[in-house]
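Visitor: Read in order, the letters of the sequence shown correspond to residues 613 to 738 in this note's numbering. Sending over a structure as structure tokens; questions will come in a sec.
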Amino acid sequence: ETTTQYSGISAEIASWLPKETQTTLSTYSEPKDDGYTFKATFNKRTGAFDDSSGLDYFTRKQTPSDKAGRQMSNFFSLADLEKNRRQATLMKEQLRQKRNIDWKSYKEQQKKKRFIRNNEWLFKDG
């Protein structure tokens, strides 16, 4: 077994990795899908790496692709916003249905209340 010498240093001594690691590096296996692996292809035209699945960054992260949508999603949920809007329209509709009021009797009741409130001092002793 021969060792190569470079400027008085043998190649075995100058190795950065321990001998146990050197043997395991020679046997390559596919990485496990642990959430940290990523496959991509290099796009020569744009000079960037593209995802091999064809999805863009925002679709993979499940965030809105427009800037305003991303900013709003930090403060509240857009799904909840739509749900709240639907509830508000239903409440408005229910209020419209409740507005079948007999205005004549309502006015008379208000007049009685006003009369009692304004003339209360007449009926009090003291």
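Ideal Cβ placement from N, Cα and C applies to all residues, glycine included.
Can you name the start and end residues of the beta strand (DSSP E) that T653 belongs to?
Guide: Segment A652 to N655, the beta strand (DSSP E) holding T653.
Visitor: Rounded to whole angstroms, what's the CA-CA distance from I713 to E720? Just pull it up for me.
Guide: Their Cα atoms are separated by approximately 13 Å.
Visitor: Do you know offhand how far R726's Cα is from Q709's?
Guide: If I take the Cα positions, the gap works out to 28 Å.
Visitor: Using DSSP bridges, identify the partner residues of A660.
Guide: In DSSP, A660 forms a bridge with N655.
Visitor: Tell me which same chain residues have a C-beta within less than 6 Å of the C-beta of F670, skipping the five on either side of it?
Guide: Within the same chain, F670 has close Cβ partners S677.
Visitor: Could you spell out the range, first to last residue, of the alpha helix (DSSP H) harbouring D675?
Guide: The question names Asp, but residue 675 is Thr in the sequence shown. Where T675 is concerned, there is no enclosing alpha helix (DSSP H), given that its DSSP letter is neither H nor E.
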